[in-house]
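Shown next, in structure tokens, is the structure this report addresses.
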Amino acid sequence: MNLPRALPWLDERRSALLAEMGVSPWWRPRALLPRPPGGSDTATPIGTTVRAAPSPHAGQAMQPGASTPRDPTPRSDPAAHTDLAALDWPELEAAIHACRRCGLGACRQQAVPGVGDRRPTWLIVGEAPGEEEDRQGEPFVGRAGRLLDRMLAALDLQRGHGVYIANVLKCRPPRNRNPEPEEIARCAPFLLRQIALLQPRIVLALGRFAAQTLLAEGGCLSPEEALRTPLGRLRGRVFQARLGALTLPMVVSYHPAYLLRNPADKGKAWVDLCLAADTLALTEASAAGAAG
Ligand code: URA
771 MNLPRALPWL DERRSALLAE MGVSPWWRPR ALLPRPPGGS DTATPIGTTV RAAPSPHAGQ
831 AMQPGASTPR DPTPRSDPAA HTDLAALDWP ELEAAIHACR RCGLGACRQQ AVPGVGDRRP
891 TWLIVGEAPG EEEDRQGEPF VGRAGRLLDR MLAALDLQRG HGVYIANVLK CRPPRNRNPE
951 PEEIARCAPF LLRQIALLQP RIVLALGRFA AQTLLAEGGC LSPEEALRTP LGRLRGRVFQ
1011 ARLGALTLPM VVSYHPAYLL RNPADKGKAW VDLCLAADTL ALTEASAAGA AG
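Residue numbers for the sequence shown follow this note's numbering, beginning at 771 and rising by one.
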């Protein structure tokens, strides 16, 4: 694909990465814009900036401690949260590796807790390990993972550097079938404990299982609403998810495996990544403003 070479905000490497993914970078995060002289960010974005949809829940600035817009029935087992609340990283990983909370423990080669920086800025959450992940013990190492890596690289991000990657399910469902609600309910407390330990500054939920789980757990949508809302209506918005003691901005996007099957939607995924990068930059700027 021939990209316009004169695009001012993307260097050749990023343009090449996006071209390789089949994305025309008609939209880019403000965070990657060159700063105009004088410091104020007045450059006009090309294309349409996706804003939070006018929903009663999405895009609300919710302070820690404020009441949730809705109090959903937790999808995961509250007793399991209590069990895990005191675990540190080695204990948590050991618990994941030893887990037999659902039937998947019996058919995995190994559990896949997650990988990356344990003080990350970004937390990326996928669905469940696939065949390759089950073999290697690391999330997103197959074809979908390579696409994810290229998308991250286009934002100057790299797994392990300010990024942690995990899945909702820590064990591979047989033949890569969809996770069962019961499996999610049993496994989600591991992810929630990881989030408490990681304290990321933004969450990117990839695919409907990650979106449904985190939106319901985070009090952004009721579990029923999360289940019935198509992913296309959840993406392109910024949610504030209350996950344990943290209130975190969260953006939902397409799963890389879906994008491999539906390359026409890669551009939308890029828009979502840009939205997340912009949200992070704004959040950090307002935190720095409040501190200083
Ligand atoms: N798909 C996922 O959701 N997670 C992985 O780790 C691999 C593929």
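Note that beta-carbon positions come from the ideal geometry of N, C-alpha and C, so glycine has one too.
Suppose only complete runs of 3+ residues qualify. What are the beta strand (DSSP E) ranges in the region 836–924, listed by chain order?
Counting only runs of 3 or more, we get 892–896.
I'd like to know whether the C-beta atoms of Pro970 and Pro860 end up nearer to each other than 8 Å.
No, these two residues do not count as a Cβ contact at 8 Å.
Less than 6 Å between C-beta atoms, sequence neighbours within five positions excluded: which residues of the same chain meet that for His1025?
The answer, listed in chain order, is Leu976, Gly977.
Can you find a C-beta in chain B that's less than 8 Å from the C-beta of Arg1005?
The structure shown contains no chain B; it is built from a single protein chain.
With a 10 Å radius around its C-beta and 16 neighbouring C-beta atoms as the bar for buried, classify Asn1032 as buried or exposed.
With fewer than 16 other Cβ atoms within 10 Å, it is exposed.
Please report the straight-line C-alpha distance between Glu953 and Gly1062, rounded to a whole angstrom.
If I take the Cα positions, the gap works out to 45 Å.
Are the CB atoms of Asn937 and Val911 within a distance shorter than 8 Å?
No; because the gap between Cβ atoms is not below 8 Å, this pair is not in contact.
So Gln964 is in the alpha helix (DSSP H); what residue range does that whole segment cover?
First-last of the alpha helix (DSSP H) with Gln964: 951–968.
If I follow the unbroken beta strand (DSSP E) through Tyr934, where does it start and stop?
Counting along the chain, the beta strand (DSSP E) containing Tyr934 begins and ends at 933–937.
Using 8 Å as the Cβ pair cut-off and three pairs as the minimum, do the region 977–986 and the region 997–1005 touch?
Result yes; three or more Cβ-Cβ pairs closer than 8 Å.
Decide if Ala1058 is buried, meaning its Cβ has at least 16 other Cβ atoms within 10 Å, or exposed.
Classification of Ala1058: exposed, given that the 10 Å Cβ count is below 16.
With 16 as the cutoff for other CB atoms within 10 Å, does Asp1042 come out buried or exposed?
By the neighbour-count rule (16 or more Cβ atoms within 10 Å), Asp1042 is buried.
Give the straight-line distance between the Cα atoms of Glu863 and Pro899, rounded to the nearest whole angstrom.
Using only the alpha carbons, I get a separation of about 15 Å.
Helix, strand or coil for Leu1013 per DSSP?
Three-state result, Leu1013: strand.
Counting Cβ pairs, one atom from each stretch, are 3 or more of them under 8 Å apart for the region 1046–1060 and the region 1002–1020?
Segments in contact, yes.
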